[in-house]
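Numbering (the UniProt record's numbering), first residue to last: 1 to 87. Using N, Cα and C, we set each Cβ at its ideal position, and we do this for glycine too. Remember, it's a predicted structure, so these values are computed and weren't measured experimentally.
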């Protein structure tokens, strides 16, 4: 089917739903950008207080993982390091 033919077959309600969907996505993308900027500012504040932001990011990452899963990952990591003579 030709693209132009597809467009002409859209009902006005479908076109309006498409416009609303695009508008929602654009609004959420803008909000995501604002939140990312706020997070960046908080890391800058943490750095100004003397916190290690690399370690802070790792803490945030680890807290997102289920405790049992995190322990399993740590066990595998320790096993690999031991096997490589790094532990």
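As assigned by DSSP and simplified to three states, the class of residue i
i	result
residue 14	helix
residue 84	coil
residue 54	helix
residue 66	coil
residue 1	At residue 1, the pLDDT of 49 sits below 50, so the modelled position is not reliable; the number obtained from the coordinates is stated separately. Reduced to three states, the DSSP call for residue 1 is coil.
Distance, residue j Cα to residue i Cα
i	j	result
residue 75	residue 20	48 Å
residue 15	residue 25	15 Å
residue 38	residue 10	40 Å
residue 84	residue 17	57 Å
Beta carbon of residue i nearer than 9 Å to that of residue j
i	j	result
residue 56	residue 46	yes
residue 65	residue 58	no
residue 78	residue 68	no
Member of the options whose CA lies at the smallest distance from the CA of residue i
i	options	result
residue 43	34, 33 and 54	54
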